[in-house]
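Per my numbering, the sequence shown starts with residue 40, numbered consecutively. A quick write-up on the structure given underneath.
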Amino acid sequence: MNKLGRVMDEAIKRNSNEPEFLQAVKEVLESLEPVAEKYPEYIEAGIFDRIIEPERQIIFRVPWVNDQGKVIVNRGFRVQFNSAIGPYKGGLRFHPSVNVGIIKFLGFEQIFKNSLTGLPLGGGKGGSDFDPKGKSDGEVMRFCQSFMFELSRHIGENTDIPAGDIGVGGREIGYMFGMYKKMRNEFTGVLTGKGLNFGGSLARTEATGYGLCYFMDEAMTSIKGKSFKDSTVVISGSGNVAIYATQKAQELGGKVVALSDSTGYIYDEDGIKLETVRQIKEVERKRISEYVKYHKNAQYIEGCSGIWSIKCDIALPCATQNELDEKAAKILVENGCFAVGEGANMPSTPEAVEIFLENDVVFGPGKAANAGGVATSGLEMSQNSMRYSWTFEEVDAKLKQIMIDIYKNASTAASEFGFDNNLVIGANIAGFMKVAQAMKAQGVAY
Ligand code: NDP
């Protein structure tokens, strides 16, 4: 019996022009059917209806002046989705594809992800259709300052604490933090992902990629008795998540043979030389195609989707949403891939996820597998509140334990409802339960 069909119908009616948001809601509601069956009190309390509607969404104008003196107008967003278990928390994305539907899908996913970390963090997300690519540091700074001028009205260390995402790294966080501090005349942990000498946490930069590998290692060992050791790994993207996933996968004994960016991918059968990638992407901010200039045996192929046709044991999509479709999933399975871990948010289409689950591929959904970033942001908030810094090893050990616990909680929830090893259902249920209980306890206040 379908108890949540009405909620989904309502979501479709209200958000018909937001396909990514509806995709995320559909996946979660389908997973929660057995919960609705077992706990009818959540239906009566309107939890499902409420959890898919943001508490608040803010859209604002971001005017700035480019290097030629021309006024440019971008659009800024912050969706404060759910604060039942803690202040809103989630990244900012700067990318031309950003619109309210994308931010809503990300904010919605964030509710469950943050709950899974075990930390007191609500869900939110924001960003802009600003494209940092090809912009000078001065242009990026002026944009970030204008963006923060408005955003600062809506955030705060106890209200909403943004972080980075696509197009927002240490440089952008620094510019935004500087502007917030100037406007408020207070030094607080209002953003995470800050520089180490102004309140940032050691291991935050590495956390999402490292956490992904810790999660997948635990899942692969528990479910299949396999690990990164001596496995061939394909990773998409070459940004923050992909770079540190590559580093950790290599440390754990895997051979990473491919990485990509939004124009194409590189294949190096001898194993990717990460220092070259970091120089190209983090320092020079150039295209991944430059890699083949340094390593003559490597190949560059234009276009991104072909990366999944490379034979591998483990695939880690770490670029963007819906980058891995049904066709790609079939090829991965045919080539013997036994594990897929989502470093990006919703990188696999629903059809691709179906293929993985049907073929017993160990599948780590993004909201569980990439939660290490926000978990370490939570640890950064704790350190800021204490005015104290833990060592890299201390943060890394906490991160690893959090990822292992997330796996165990998702796995236990899946088994409890009769879906052994289905971490999609398990993560959605485990993330939901804590938030639902808090919302019910707090009444219909929001
Ligand atoms: P970055 O901006 O550092 O890197 C993004 C990478 O993905 C770049 O290599 C970029 O290529 C590529 N990319 C972006 N858009 C597309 C596209 N449309 N098609 C193909 N490739 C694309 O971002 P992050 O590494 O921080 O984020 C990557 C993913 O991980 C996102 O889904 C994000 O939401 C998710 N995530 C990030 C977390 C974090 O802590 N940073 C935490 C949890 C999830 P190019 O260089 O050409 O732009």
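Glycine included, every Cβ here is placed at the ideal spot set by N, Cα and C.
Pick from 291, 356, 223 and 208 that is closest to residue 276, judged by C-alpha positions
As a working note, residue 276 is residue 237 in the sequence shown. Looking at the Cα atoms, 356 is the closest of the given residues.
By the three-class DSSP mapping on this structure, what secondary structure does residue 103 have?
Here residue 103 refers to the residue found at position 64 when the sequence shown is read from its first residue. Three-state result, residue 103: strand.
Helix, strand or coil: how does DSSP classify residue 340 here?
On the sequence shown, residue 340 is found 301 positions in, with the first residue counted as 1. It is a strand residue.
If you measure between the beta carbons of residue 247 and residue 279, is that distance less than 8 Å?
Your numbering for residue 247 matches position 208 in the sequence shown. Your numbering for residue 279 matches position 240 in the sequence shown. Yes, Cβ-Cβ distance for residue 247 and residue 279 is below 8 Å.
Roughly how far, in whole angstroms, is the beta-carbon of residue 452 from the beta-carbon of residue 468, given that I think they are within contact range, below 8 Å?
Walking along the sequence shown from the start, residue 452 turns up at place 413. Walking along the sequence shown from the start, residue 468 turns up at place 429. So it is a contact: roughly 4 Å between Cβ atoms.
Leaving out the 5 sequence neighbours to the left and right, which residues in its chain are closer than 6 Å to residue 479 when beta-carbon positions are compared?
What you label residue 479 is simply residue 440 of the sequence shown in a count that begins at 1. Excluding positions up to five away in sequence, the list reads 84.
Ligand 1 heavy atom lying under 7 Å from the CB of residue 409
Numbered from 1 along the sequence shown, position 370 holds the residue referred to as residue 409. Answer for residue 409: yes, Cβ within range of ligand 1.
Starting from the N-terminal side, write out each stretch of the alpha helix (DSSP H) that is 4 residues or longer and does not extend beyond the segment 238 to 315.
Fully enclosed alpha helix (DSSP H) runs of 4 or longer: 243 to 263 and 279 to 290.
Pair every Cβ in the segment 155 to 174 with every Cβ in the segment 430 to 446, then say whether three or more of these pairs are closer than 8 Å.
yes
Determine the closest residue to residue 110 out of 139, 371, 368 and 181, with distance taken between C-alpha atoms.
By one-based count along the sequence shown, residue 110 stands at place 71. It is 181 whose Cα lies nearest to the Cα of residue 110.
Using the C-alpha atoms, what's the distance from residue 339 back to residue 308?
Counting from 1 along the sequence shown, the entry for residue 308 is found at position 269. Counting from 1 along the sequence shown, the entry for residue 339 is found at position 300. Taking the straight line joining both Cα atoms gives about 12 Å.
Alpha carbon to alpha carbon, how far is residue 347 from residue 222?
By one-based count along the sequence shown, residue 347 stands at place 308. By one-based count along the sequence shown, residue 222 stands at place 183. Distance between the alpha carbons of residue 347 and residue 222 is about 47 Å.
Quickly, what does DSSP pair residue 174 with across the bridge? List them, please.
Along the sequence shown, one-based indexing puts residue 174 at 135. None; residue 174 has no bridge partner.
Have a look at residue 330 and residue 285 and give me their C-alpha separation to the nearest angstrom.
Your numbering for residue 330 matches position 291 in the sequence shown. Your numbering for residue 285 matches position 246 in the sequence shown. For residue 330 and residue 285, the distance between alpha carbons rounds to 15 Å.
When the Cα atoms are used, what is the spatial distance from residue 319 to residue 58?
Sequence index remark: in the sequence shown, residue 319 carries index 280 (1-based). Sequence index remark: in the sequence shown, residue 58 carries index 19 (1-based). Residue 319 and residue 58: Cα-Cα distance of roughly 34 Å.
Starting from residue 116, trace the beta strand (DSSP E) both ways and give me its first and last residue.
Position 77 of the sequence shown, counted from the first residue, corresponds to residue 116. Where residue 116 is concerned, the enclosing beta strand (DSSP E) stretches over 110 to 121.
Bounding residues of the alpha helix (DSSP H) (the contiguous stretch that carries residue 421)
In the sequence shown, residue 421 corresponds to position 382, counting from 1. Start and end: 411 to 425.
How many whole angstroms separate the CB atoms of residue 392 and residue 463, which I take to be in contact at a CB cut-off of 8 Å?
One-based indexing of the sequence shown puts residue 392 at position 353. One-based indexing of the sequence shown puts residue 463 at position 424. Confirmed, about 6 Å.
Considering only heavy atoms of ligand 1, does any lie closer than 7 Å to the CB of residue 227?
Numbered from 1 along the sequence shown, position 188 holds the residue referred to as residue 227. Distance from the C-beta of residue 227 to the nearest heavy atom of ligand 1 is not below 7 Å.
Less than 7 Å between the CB of residue 300 and some heavy atom of ligand 3, yes or no?
What this structure holds is ligand 1, not ligand 3.
Kindly indicate the opening and closing residues of the alpha helix (DSSP H) around residue 151.
What you label residue 151 is simply residue 112 of the sequence shown in a count that begins at 1. Per DSSP, residue 151 is one residue of the alpha helix (DSSP H) stretching across 139 to 155.
Start-end ranges of the beta strand (DSSP E) lying completely within the segment 348 to 407, minimum 3 residues:
The segment 348 to 407 contains these whole beta strand (DSSP E) runs: 353 to 356, 378 to 380 and 401 to 403.
Identified DSSP bridge partners for residue 201:
Reading the sequence shown from its first residue, position 162 is the one you call residue 201. The secondary-structure analysis by DSSP pairs residue 201 across a beta bridge with 129.
Verify whether the separation of the beta carbon atoms of residue 212 and residue 230 is less than 8 Å.
Numbered from 1 along the sequence shown, position 173 holds the residue referred to as residue 212. Numbered from 1 along the sequence shown, position 191 holds the residue referred to as residue 230. The answer is yes: Cβ separation under 8 Å.
Suppose the cutoff is 6 Å on Cβ atoms and the five residues either side in sequence are ignored; what does the same chain contact list for residue 227 look like?
If you number the sequence shown from 1, residue 227 lands on position 188. So the list reads 196, once near-sequence residues are dropped.
Quick check on DSSP: helix, strand or coil for residue 441?
Walking along the sequence shown from the start, residue 441 turns up at place 402. Helix, per DSSP.
Check each candidate in 288, 313 and 98 and name the one with the smallest Cα separation from residue 270.
By one-based count along the sequence shown, residue 270 stands at place 231. Among 288, 313 and 98, the Cα nearest to that of residue 270 belongs to 288.
Going by the CB atoms, is the gap between residue 130 and residue 239 shorter than 8 Å?
On the sequence shown, residue 239 is found 200 positions in, with the first residue counted as 1. On the sequence shown, residue 130 is found 91 positions in, with the first residue counted as 1. Taking 8 Å as the cut-off, the Cβ atoms of residue 239 and residue 130 do not count as close.
Figure out for me which residue from 243, 332 and 79 has the closest Cα to the Cα of residue 476.
Here the question's residue 476 lines up with position 437 in the sequence shown. Residue 476 has its Cα closest to that of 79, out of 243, 332 and 79.
Starting from residue 164, trace the beta strand (DSSP E) both ways and give me its first and last residue.
As a first step, residue 164 is located in the sequence shown; it is residue number 125 there, counting from the start. First-last of the beta strand (DSSP E) with residue 164: 161 to 167.
Which partner residues of residue 96 appear in the DSSP bridge assignment?
By one-based count along the sequence shown, residue 96 stands at place 57. For residue 96, which the question treats as bridged, DSSP gives the partners 118.
Could you tell me whether the Cβ atoms of residue 353 and residue 383 are closer together than 8 Å?
The count along the sequence shown starts at 1 and reaches residue 353 at position 314. The count along the sequence shown starts at 1 and reaches residue 383 at position 344. Taking 8 Å as the Cβ cut-off, residue 353 and residue 383 do not qualify as a contacting pair.
Closer than 6 Å by C-beta to residue 416: which residues in its own chain qualify, once you throw out the five before and the five after it? Chain order, please.
Locating residue 416 in the sequence shown gives position 377, where the first residue counts as 1. Once the five neighbours on either side are set aside, the close Cβ partners of residue 416 are 202 and 231.
Residue 388: beta carbon under 7 Å from a heavy atom of ligand 1?
Working through the sequence shown from its first residue, we reach residue 388 at position 349. Flag unset: Cβ of residue 388 not near ligand 1.
Could you tell me the alpha carbon to alpha carbon distance between residue 189 and residue 101, rounded to whole angstroms?
Position 150 of the sequence shown, counted from the first residue, corresponds to residue 189. Position 62 of the sequence shown, counted from the first residue, corresponds to residue 101. For residue 189 and residue 101, the distance between alpha carbons rounds to 8 Å.
Excluding five sequence neighbours on each side, which residues of the same chain lie with their C-beta closer than 7 Å to the C-beta of residue 326?
Walking along the sequence shown from the start, residue 326 turns up at place 287. The answer, listed in chain order, is 300 and 302.
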